[in-house]
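The structure appears right after this line, and notes come after that.
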Amino acid sequence: MKETFSEKFEAKTSSFVWDKHSKGKIFYVSYGKDLALIDIRSNKPETLLSNRLSRITAIDCNPLSPNQIACGSEDGKLTIWDIRNCDKPFLIAHEHQHMIWDIKYNHTYPQLLLSCGSDGRVFLYNSNEKENRIESDLIVDNDDSIYSCCWTGNDPFTFASIAYDGKMTASKVRKTLKYKLLSGS
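Per the UniProt record's numbering, the sequence shown starts with residue 1, numbered consecutively.
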């Protein structure tokens, strides 16, 4: 990349994230129902996958597994993909009633993900790739859309969300799940 990279996509872009494993050379962008990988050294976007049914509205990269990316969509589905095989997601959860605005992987325990959406709800997911299943807990049920969620930087079991009405909610992972993760089971 010279000093600036610029690309005009065919459809509305709604989310992007730097690949945490690429040392600042690769990022992903969602545009319409598609997800593209952009390597800033080549300045060429490469479409990786198409959600086919609904616009992708949120994305995040797994912090410990370089080939996994999570996508939230307009229809309220959370999908987890292996970018080496983008034929179909390997995990799907459909807990939200409306659009997912944001998703975040936990920086220490990447099987934990947060999602928040226009239905005013925040879900905590615990994914299990070996058993190909994902469990979810409803953490927040607000009257207004929740636009952003995040994990704290120093405690992998604390997170927060903020709603359109200004209500910020901080929460903790339930103790049984926390101890299960700490024990490695």
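Beta carbons: idealized from backbone N, C-alpha and C, even for Gly. Computed from a prediction, not measured in an experiment: that's the story for all the values here.
Rounded separation between His107 and Pro156 - CA only: 7 Å
Keeping to the same chain, check which residues put their C-beta closer than 8 Å to that of Pro180; ignore five residues upstream and five downstream. Correcting the residue type first, residue 180 is Lys in the shown sequence and not Pro. Nothing listed; no residue qualifies.
What does the alpha-carbon distance come out to for the pair Leu35 and Arg121? 25 Å
I need the DSSP call for Cys23, collapsed to helix, strand or coil. According to the sequence as given, residue 23 is Lys; it is not Cys. Correct three-state label for Lys23: coil.
Report the three-state DSSP secondary structure of Tyr33 (helix, strand or coil). At residue 33 the sequence reads Lys, which differs from the Tyr that was named. In this structure, Lys33 counts as coil in the three-state DSSP scheme.
Quick check: Ile134 and Phe123, are their CB atoms within less than 8 Å of each other? no
Regarding Gly76 and the ligand NAD, is the C-beta to nearest heavy atom distance less than 7 Å? In the structure shown, the ligand NAD is absent, as is every other ligand, since no ligand is present at all.
On the DSSP bridge assignment, give the partners of Asn85 in chain order. Under DSSP, Asn85 shares a beta bridge with Asp82.
Under DSSP, the beta strand (DSSP E) around Ser127 begins and ends at which residues? 121-128
According to DSSP, is Tyr179 part of a helix, a strand, or is it coil? helix
Straight-line gap, Lys44 to Ile83 (C-alpha atoms, nearest Å): 17 Å
How many angstroms separate the CA atom of Tyr147 from the CA atom of Ala58? Distance from the CA atom of Tyr147 to the CA atom of Ala58, rounded to whole angstroms, is 11 Å.
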